[in-house]
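Be aware that the sequence shown starts at 299, since it is given in my numbering, and climbs by one per residue.
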Amino acid sequence: MKEGRILKAFGGFFYVYDFESKETYECRARGRLKQEKVDIIAGDIVNFTIFEDQTGVVENRKERDNYLFRPPIANVEQVVITSAIREPDLHYKLLDRLLVLAEAEDFEIIICINKVDLSGLEVAKEVLKPYEQVKYKVIYTSVEDNLGIDELRQALKDKVSVFAGPSGVGKSSLLNVIQPGLELKMGEVSERIKRGRHTTRHVELLPLEFGGWVADTPGFSSLDVSSIASEDLQYFFPEILESLDDCKFYPCSHSHEPKCGVKDALEQGKIAEHRYENYLEFLAEIDQAEEKNWRR
């Protein structure tokens, strides 16, 4: 049997990228998998058999490392959170919300700050300083100046990547300069998805010529953090996590308790004020949702 990755599942067919030959085969699933209701989606690693007519059959699905619900894709390795420094201006709250969602899924994270030519590299680095200080990988890019393109291409190499971020930040331009024609291909897939009846099922991984795959849809269609437990939110802010052992009381929400290590770190400048304020706002959202569910 061969081993490969599902690039897309559509109309009962599965398009499998063979790791050995680097060819893609159209396959169906064994009836046994259907009987056992084994769900197969883009990103899944499978074993499959090839017939003489170069079609195939999926024999089994390997255990998933992770699963992203929206869009449905398995075995994501990294999320590239993309924002512009200008036009539109970078918003810390949206960036932090995306970071929390990615942290909650335990993905590798890259922050890509685009349109750096509009502000200058030094200004952009100053804006992102709080994130680099907590060890997030930040790549600064500009299509106009050809800045950071090779670094981003290297970061995508041999990885299964999902892009996330607001519209208008230049993601399409970045993809087109990384691999000419890829943005057009993704546009075709997106349009096909819009026309489909069961749109959430039609996710496609697009292969990169230099190695790796990029998902055809944004990383997170929902920015709701209320699915995260209130006591877990603190673990998804790396700088807050570092200060937990210094809190006198447990549990500590880091909002009103005395002798709180997180608030001490805030006063010492170890935690950026906007990051702490966004933590409190997200915590309030989660608490409100939990209270609403409790009353039902």
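Ideal Cβ placement from N, Cα and C applies to all residues, glycine included.
Near residue i, what residues of its chain come up, given a Cβ to Cβ distance below 8 Å and the 5 sequence neighbours on each side ignored?
i	result
M299	N345, F346, T347 and E357
L521	L392, R395, L396 and L399
E430	K423 and V436
Q566	none
Y323	G302, Y313, V314, D316, F346, I348, Q352, T353 and G354
E571	L564
V467	T380, S381, A382, P386, N412 and K413
D543	G559
What residue does the beta strand (DSSP E) around residue i start on, and which one ends it?
i	result
D253	The question about residue 253 has no answer here: the residues shown for the chain are numbered 299 through 594.
Q376	Q376 to A382
V512	W511 to A513
N412	E406 to N412
R303	K300 to F308
V458	V458 to A462
Starting from the C-beta of residue i, find all residues in its chain whose C-beta is less than 7 Å away, skip the five residues before and the five after it, and write them out in chain order.
i	result
G302	V314, Y315, D316, F317, V344 and F346
E589	none
R451	I476 and F508
R330	none
C328	A small correction: the amino acid at residue 328 is Arg; Cys does not occupy that position in the sequence shown. Result list for R328: V355, V356 and E357, in chain order.
A587	S524
K492	Low confidence applies to K492: its pLDDT is 48, below 50, so where it sits in the model is not reliable, and the reading given next is rough at best. Cβ neighbours of K492 beyond the five flanking positions: none.
E403	N364 and L366
V443	Checking the sequence shown, residue 443 turns out to be Asp, not Val. These residues qualify, in order along the chain: D415.
Would you list the residues sitting across from residue i in a DSSP beta bridge?
i	result
L504	V512
I371	L366
L445	S440
Output the boundary residues of the alpha helix (DSSP H) element that contains residue i.
i	result
Y438	Note, Y438: premise wrong, no alpha helix (DSSP H); beta strand (DSSP E) at K435 to Y438.
D394	Y390 to A402
Q431	K427 to Q431
S471	K469 to I476
Taking only beta-carbon atoms, is residue i less than 9 Å away from chain C?
i	result
V467	The chain labelled as chain C is not found in the depicted structure, where only one protein chain is given.
Among the residues of its own chain, which have a CB less than 6 Å from the CB of residue i, if the five just before and after it don't count?
i	result
I569	E537 and A563
V560	I538, S541 and H552
F547	E555
K306	Y313, A340 and E502
V378	I408, C410, S459 and F461
D342	I304, R359 and A372
Y574	L564
W511	V458, L503 and P505
Y577	F535
**Request:** Answer yes if the segment 381-400 comes into contact with the segment 351-365, meaning at least three C-beta pairs across the two stretches below 8 Å, and no otherwise.
**Result:** no
**Request:** With a floor of 4 residues, list each alpha helix (DSSP H) that falls wholly inside the segment 520-588, ordered by position along the chain.
**Result:** 536-539 and 559-565
**Request:** Mind listing, in chain order, the continuous alpha helix (DSSP H) runs of no fewer than 4 residues lying wholly within the segment 317-366?
**Result:** 329-333
**Request:** Evaluate contact between the segment 408-422 and the segment 367-384, counting only Cβ atoms and requiring at least three cross-stretch pairs below 8 Å.
**Result:** yes
**Item:** Stretch-stretch touch, CB-based, cutoff 8 Å, three pairs: the segment 572-590 with the segment 550-562
**Value:** yes
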